[in-house]
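A.B. asks: Residue numbers (UniProt numbering): 1 to 176. Idealized CB from N, CA, C, for every residue including glycine. Quick caveat: nothing in here was measured; it's all calculated off a predicted structure. Quick one: the structure is below, and I'll ask about it shortly.
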């Protein structure tokens, strides 16, 4: 079972839109896909995550961040930090996206497996608990898979692009 995560969006100043150089980032090309009145190519460098479980119940997670356009010098991507934004153990695999500082403070990815183990919650219950109780004022989302193949996601922002594919050919894509 494979679950892909793209990015979580929320209402705030959109730091991803370059203030100069739109012509060099693909914004000048014709595109039927628009977001906030700009071609979707402006938003291309976003977080991408993947969580999987194999036939023997082994979970894995991976997270890659595209970073921020116009980011401060020296700032590193925070979603891929192990334990905070990406984590896998013998119970679950989790990949997060959103405001990295909030993800780090709550160690969201690790917390899902911990809550499942210590509170005895199922995957979706653990995801809901972590989003509600471990995520402070930041906006974020996550996708998760359990060692039994259960899939869950949660977010506290306007929407999160995500997709699910199973080995038997089932495919699902969602935004809201």
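Cα-Cα, which of 163, 175 and 103 is closest to residue 131?
C.D. replies: For the purposes of this step, residue 131 is taken as the residue at position 131 of the chain shown. The shortest C-alpha separation from residue 131 is found at 103.
A.B. asks: Which partner residues of residue 142 appear in the DSSP bridge assignment?
C.D. replies: To locate residue 142, count along the chain shown from 1; it is residue 142. DSSP lists 96 and 154 as partners of residue 142.
A.B. asks: What do you get for residue 28, buried or exposed, if any count of 16 or more other CB atoms within 10 angstroms of its CB means buried?
C.D. replies: Position 28 of the chain shown, counting from 1, holds the residue named residue 28. Since pLDDT at residue 28 reaches only 49, below the 50 mark, its modelled position is unreliable, and the value read off the structure follows with that caveat. Classification for residue 28: exposed.
A.B. asks: Could you check the C-alpha separation between residue 145 and residue 136 for me, to the nearest Å?
C.D. replies: Here residue 145 is taken as the residue at index 145 of the chain shown, counted from 1. Here residue 136 is taken as the residue at index 136 of the chain shown, counted from 1. Going from the Cα of residue 145 to the Cα of residue 136 covers about 23 Å.
A.B. asks: Grab the span of the beta strand (DSSP E) containing residue 164 for me, first residue to last.
C.D. replies: The count along the chain shown starts at 1 and reaches residue 164 at position 164. Residues 159-165.
A.B. asks: Should residue 166 go down as buried or exposed, given a rule of 16 or more other Cβ atoms within 10 Å for buried?
C.D. replies: Mapped onto the chain shown, residue 166 falls at position 166. So residue 166 ends up on the exposed side.
A.B. asks: Just list the residues that DSSP pairs residue 87 with in beta bridges.
C.D. replies: To locate residue 87, count along the chain shown from 1; it is residue 87. Paired residue(s): 94.
A.B. asks: Measure the alpha-carbon distance for residue 134 versus residue 107 and round it to whole angstroms.
C.D. replies: In the chain shown, counting from the first residue as 1, residue 134 sits at position 134. In the chain shown, counting from the first residue as 1, residue 107 sits at position 107. Approximately 8 Å between the Cα atoms of the pair.
A.B. asks: Quick check on DSSP: helix, strand or coil for residue 122?
C.D. replies: Stepping through the chain shown from its first residue, residue 122 is reached at position 122. In the structure shown, residue 122 sits in coil (DSSP, three-state: anything other than H, G, I, E or B).
A.B. asks: Does the segment 116-127 come into contact with the segment 91-103, if we say contact requires no fewer than three beta-carbon pairs (one atom in each stretch) closer than 8 Å?
C.D. replies: Judged by Cβ distances under 8 Å, the segment 116-127 makes contact with the segment 91-103, as three or more pairs qualify.
A.B. asks: Helix, strand or coil: which one does DSSP assign to residue 111?
C.D. replies: Here residue 111 corresponds to residue number 111 of the chain shown, with the count starting at 1. Residue state, collapsed to three classes: helix.
A.B. asks: I need the DSSP call for residue 117, collapsed to helix, strand or coil.
C.D. replies: Looking up residue 117 in the chain shown gives position 117. Reduced to three states, the DSSP call for residue 117 is helix.
A.B. asks: Work out the CA separation of residue 122 and residue 174 for me, nearest whole Å.
C.D. replies: Against the chain shown, residue 174 aligns to sequence position 174. Against the chain shown, residue 122 aligns to sequence position 122. If I take the Cα positions, the gap works out to 22 Å.
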